[in-house]
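Visitor: With the sequence shown counted from 1, adding 1 to any position gets you my numbering. Idealized CB from N, CA, C, for every residue including glycine.
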Amino acid sequence: MKLIRKILLPFSLLYWLVMAVRNFLYDTGFLKSQQFSVPVIAIGNLSTGGTGKSPQTEYLIRLLKDNYRLATLSRGYKRKSEGYVLADINANADILGDEPYQFYSKFPDINVAVDANRVNGIDNLLQLNPSPEVIVLDDAYQHRKVKAGFYILLTAYGDIYADDYLLPAGNLREGRSGAKRADVIVVTKCPADITEAEQEKIKKKLRPQPEQKVYFTTIEYDIVVYGDDSEISTKEVKEKDKVLVAGIAKPKPFFDQLKNSSDVCLTYPDHHDFSAKDIDDILAAAKDRIVVTTEKDYVRLKDKMPAGKLFYLPIKTSFITNGDDFNKTVLNYVGKSSANG
2 MKLIRKILLP FSLLYWLVMA VRNFLYDTGF LKSQQFSVPV IAIGNLSTGG TGKSPQTEYL
62 IRLLKDNYRL ATLSRGYKRK SEGYVLADIN ANADILGDEP YQFYSKFPDI NVAVDANRVN
122 GIDNLLQLNP SPEVIVLDDA YQHRKVKAGF YILLTAYGDI YADDYLLPAG NLREGRSGAK
182 RADVIVVTKC PADITEAEQE KIKKKLRPQP EQKVYFTTIE YDIVVYGDDS EISTKEVKEK
242 DKVLVAGIAK PKPFFDQLKN SSDVCLTYPD HHDFSAKDID DILAAAKDRI VVTTEKDYVR
302 LKDKMPAGKL FYLPIKTSFI TNGDDFNKTV LNYVGKSSAN G
């Protein structure tokens, strides 16, 4: 263990105690969790970020939207608005936050809302006419004021929660025992060629409950980068001199996917709000070259960059094995919960 982790361990023990008491109070019913009459699916993780929640949320949207009236509810991290906001034609990343605005831009036929108070957010969504038949909560695993009907816990390959420590010595928001609340565990960002033996090794580390299913996914990159009114194949983009910009938790895979030896790679904090100076720096680095960014950063940058200058690379989650079983498990929950409701 690194020295800094050893120094911070006492603070992690204090953090563990606070979280353990909090979870105990919810588990025993002393603190109340609210349930709802519609199926509610919560996606989240035990760690502080970088597990691929947005691609997993989009996977669920694609799975459900054609058969159910669907809504997503997020906190709207780093947005400049307050309270409950339902996305409409006036929405942007400042109003919704980058990830919810990404959902709204890609799936305008669903309801996309933000509210730090998830109970209030769901109550507002259920007052819509027509109201949603299924609600997906993005990044709500620790939001225990809502009792979701189905929990999807994500953990990233190479950084699984079983190998991590609680904040501040590590990156865990709560102890590993919190994984017991999950209905399914998804190991994200795996190599596409991960072997069955390695999958079994990871499962043993995670120690799932007998009723929990563990799935393995990889990130699938599009073969095209997109701009406002044009697109370029990734094969061609790799050969171009360009500037790559990423304001995400773990940008290395994005850079590795597109960069060549002459490219400039600019890294910013996750959910970064790009300032006028940042734009000037990016344009100065780019000069006559194009700028390629992540889909999440694109929604923050697109109105701040010259037309034709900015492109983004979409990604999506792809199940390595047993994807049909995952789909069936989710659809069975939604179908049964809808019938019961």
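First and last residue of the beta strand (DSSP E) that includes Ser75?
Guide: That run of the beta strand (DSSP E) goes Leu71 to Ser75.
Visitor: Determine the direct distance from the alpha carbon of Phe217 to that of Ala285, and round the result to whole angstroms.
Guide: If you take the alpha carbons of Ala285 and Phe217, they lie about 41 Å apart.
Visitor: I'd like the span of the alpha helix (DSSP H) that includes Thr235, first residue to last.
Guide: Start and end: Thr235 to Glu240.
Visitor: DSSP state of Gly179, grouped into three classes?
Guide: Looking at Gly179 - three-state DSSP - the assignment turns out to be helix.
Visitor: My parser needs the alpha helix (DSSP H) runs of 4 or more residues fully inside the region 6 to 69; what are they?
Guide: Runs found: 54 to 65.
Visitor: Using a Cβ-Cβ cutoff of less than 7 Å, which residues in the same chain neighbour Asn323 once the five nearest sequence positions on both sides are dropped?
Guide: Taken in chain order, the residues that qualify are Tyr216.
Visitor: Excluding the five sequence neighbours on either side, which residues of its own chain have a C-beta within less than 8 Å of the C-beta of Pro307, listed in chain order?
Guide: Only Leu284 meet the Cβ criterion.
Visitor: Since Glu232 sits in a beta bridge, which residues does DSSP pair it with?
Guide: For Glu232, which the question treats as bridged, DSSP gives the partners Tyr227.
Visitor: Mind checking which residues open and close the beta strand (DSSP E) that includes Val137?
Guide: Its beta strand (DSSP E) spans residues Val135 to Asp139.
Visitor: Would you mind working out which of Gln200, Tyr78 and Ile316 sits nearest Asp271, comparing C-alpha positions?
Guide: Ranking the options by Cα distance to Asp271, first place goes to Tyr78.
Visitor: So what does DSSP say about Leu207, is it helix, strand or coil?
Guide: Residue state, collapsed to three classes: helix.
Visitor: Just checking, does the region 296 to 304 make contact with the region 196 to 213 on the three C-beta pairs under 8 Å criterion?
Guide: As far as the Cβ criterion goes, the region 296 to 304 does not touch the region 196 to 213, which means the pair count is below three.
Visitor: Going straight from the alpha carbon of Asp165 to that of Ala149, what length do you get?
Guide: If I take the Cα positions, the gap works out to 26 Å.
Visitor: Which runs of the alpha helix (DSSP H) at least 4 residues long sit entirely within the region 249 to 300? Give them in chain order.
Guide: The qualifying runs are 253 to 259 and 277 to 287.
Visitor: Among Asp298, Val225 and Lys236, whose alpha-carbon lies nearest the alpha-carbon of Ala247?
Guide: The option with the nearest alpha carbon to Ala247 is Asp298.
Visitor: Under 8 Å, with one C-beta from each stretch per pair, do the region 36 to 54 and the region 140 to 147 reach the 3-pair mark?
Guide: Cβ pair count under 8 Å is three or more, so yes.
Visitor: Hey, could you find the ends of the alpha helix (DSSP H) Val120 is sitting in?
Guide: It spans Arg119 to Leu127 - the alpha helix (DSSP H) in which Val120 sits, taken as one unbroken run.
Visitor: Alpha carbon to alpha carbon, how far is Ile343 from Glu59?
Guide: Only positions 2 to 342 of the chain appear in this structure, which leaves residue 343 out of reach.
Visitor: Sorted by chain position, which residues of the same chain lie with C-beta nearer than 6 Å to Tyr69's C-beta, five sequence neighbours on each side aside?
Guide: For Tyr69, where only same-chain residues beyond five positions count, the Cβ hits under 6 Å are Glu134 and Val135.
Visitor: Just checking my contact of Asn93 with Tyr102 at CB under 8 Å: how many whole Å lie between their CB atoms?
Guide: Indeed, because the Cβ distance is near 6 Å, the residues count as touching under 8 Å.
Visitor: Mark Thr196 as exposed unless 16 or more other C-beta atoms lie within 10 angstroms of its C-beta, in which case mark it buried.
Guide: Classification for Thr196: exposed.
Visitor: Among Ser262, Ser339 and Asp230, which one has its Cα closest to the Cα of Phe312?
Guide: Comparing Cα-Cα distances from Phe312 to each of Ser262, Ser339 and Asp230, the minimum goes to Asp230.
Visitor: Note down the Cα distance separating Ala250 from Gly50, rounded to an integer number of angstroms.
Guide: If I take the Cα positions, the gap works out to 6 Å.
Visitor: Closest to Glu175 by C-alpha separation, out of Leu14, Lys337 and Leu4, would be which residue?
Guide: Out of Leu14, Lys337 and Leu4, Leu14 has the C-alpha closest to the C-alpha of Glu175.
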